[in-house]
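Residues -28 to -1, 1 to 231 in mature numbering (1 follows the signal peptide of the UniProt record, and there is no 0) are what the sequence shown lists, from first letter to last. Virtual Cβ for every residue (Gly too), placed ideally from N, Cα, C. Quantities reported herein were computed from a predicted structural model and do not represent experimental measurements.
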Amino acid sequence: RTPEGTAGRALAWLVVATLTALATCVCSQQVIHLKLNDSIQLTPAKPSRFISSVVWKYDKNLLAEWVYQSIPVTYYSKFKTRARLDVTTGSLALNNLRVADSGMYSVEVNNQVLALTYMLVVMASVPNPEVQISPPLCNATLDSCTLSCEGSAPDTGPVEYFWRKDNGAWTRGERDLEIANDDDTGAVELFACRMTNPVSVGDSDVAKNPFYRGNNMPLYVSLGVILGANIIFVSSTRGRLKREYTIMTGIPSASNSRA
Ligand SMILES: *[C@@H]1O[C@H](CO)[C@@H](O)[C@H](O)[C@H]1NC(C)=O
Ligand SMILES: *[C@@H]1O[C@H](CO)[C@@H](O)[C@H](O)[C@H]1NC(C)=O
């Protein structure tokens, strides 16, 4: 797992979340999910006339204000040092967003309240969770055990859980995953879990399946694998890999079938 990979996935999630918000909003409110400390630029629709006044509000509070030749650009309350207003476009930039900045943002341009408002939802990234097994001494003497995707951080909001068996696909699940001591589970060597919220993804390290039976391969299968590997090795050293492969499997390789 690389930081770039995690950041890439988080960005993908943000894009998906934002597009989903845009696509599902039949009203005139745009929902935007943001990470703690993120910045955002809110740009109102271009008015037909020259802009002579702009007033941004946060819920019902004044955030920024400017009136041509009358009120210089003024910022209010907690946004004093974190807001930037561009009076030529009416665009508002906010920096270092905090969880408490979540809320509804609206703008008046030339004394007209614009129909489109913005709902900002600021949340912390999820941590990388850890797979915990209970009972801790779970082993093949038991019929079942429970894997739990553990990890918490303040202000992540609701999270979703996913589970993965070996290199399989991530499947949506609950925080807890009960595993039975049966043939299906026995074929899985490693479990991993993933935690997500709309702005981030956290993956656990892999955990060994206490019910893994992978080493109980029947003897003739093991011998067959070893023998097969030797045939390939010997034949490839002689440069006759393709023919030997055909003999072994009965499936002609592409070049042989043309010949
Ligand atoms: C957000 O910024 C503050 C101060 O700039 C810093 O202490 C904190 O670690 C940052 N948090 C994240 C999640 O980047
Ligand atoms: C197997 O699991 C049982 C139940 O948790 C425990 O009592 C026992 O000590 C475990 N055995 C080993 C070898 O870990």
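For residue i, which residues of its own chain have a beta-carbon under 6 angstroms away from its beta-carbon, when the five flanking residues on both sides are left out?
{"i": "ARG144", "result": "PHE134"}
{"i": "VAL93", "result": "HIS5, SER74"}
Going by the CB atoms, is the gap between residue j and residue i shorter than 8 angstroms?
{"i": "ALA55", "j": "LEU35", "result": "yes"}
{"i": "SER120", "j": "ASN153", "result": "no"}
{"i": "VAL160", "j": "ASN181", "result": "yes"}
{"i": "SER(-1)", "j": "THR89", "result": "yes"}
Checking the sheet assignment: what are the DSSP bridge partners for residue i?
{"i": "ILE120", "result": "Residue identity check: residue 120 is Ser in the sequence provided, not Ile. Answer is GLN104, ASP148, bridged to SER120."}
{"i": "ALA164", "result": "ARG136"}
{"i": "SER172", "result": "ASN169"}
{"i": "SER78", "result": "LYS29"}
{"i": "TRP38", "result": "VAL26"}
{"i": "THR143", "result": "TRP135"}
{"i": "ASP58", "result": "SER63"}
{"i": "TYR184", "result": "Beta-bridge pairing links TYR184 to no other residue."}
Buried or exposed for residue i, going by 16 or more other Cβ atoms inside 10 Å?
{"i": "TYR47", "result": "buried"}
{"i": "ASP177", "result": "exposed"}
{"i": "ARG136", "result": "buried"}
{"i": "SER106", "result": "exposed"}
{"i": "LEU109", "result": "exposed"}
{"i": "ILE151", "result": "buried"}
{"i": "TYR40", "result": "exposed"}
{"i": "SER208", "result": "Note on SER208: pLDDT 47, under 50, position unreliable in the model; no value is reported."}
{"i": "LEU57", "result": "buried"}
Does the distance between the C-beta of residue i and the nearest non-hydrogen atom of ligand 2 fall short of 7 angstroms?
{"i": "LEU114", "result": "yes"}
{"i": "ASN153", "result": "no"}
{"i": "LEU64", "result": "no"}
{"i": "ASN181", "result": "no"}
Between which residues of its own chain and residue i is the CB-CB distance below 7 angstroms, once the five residues before and five after are set aside?
{"i": "ASP175", "result": "ARG(-28), ASN100, ALA164, ARG166"}
Compute every distance between the C-beta of residue i and the non-hydrogen atoms of ligand 1, then say whether any falls below 7 angstroms.
{"i": "residue 252", "result": "Outside the modelled stretch of the chain, which goes from -28 to 231, sits residue 252, for which no answer is possible."}
{"i": "ALA96", "result": "yes"}
Excluding the 5 residues preceding and the 5 following residue i in the sequence, name in chain order all residues of the same chain whose CB lies nearer than 8 angstroms to its CB.
{"i": "ILE12", "result": "ILE4, LEU6, ALA65, LEU66, LEU69, LEU92"}
{"i": "TRP142", "result": "PHE134, TRP135, ARG136, ARG166"}
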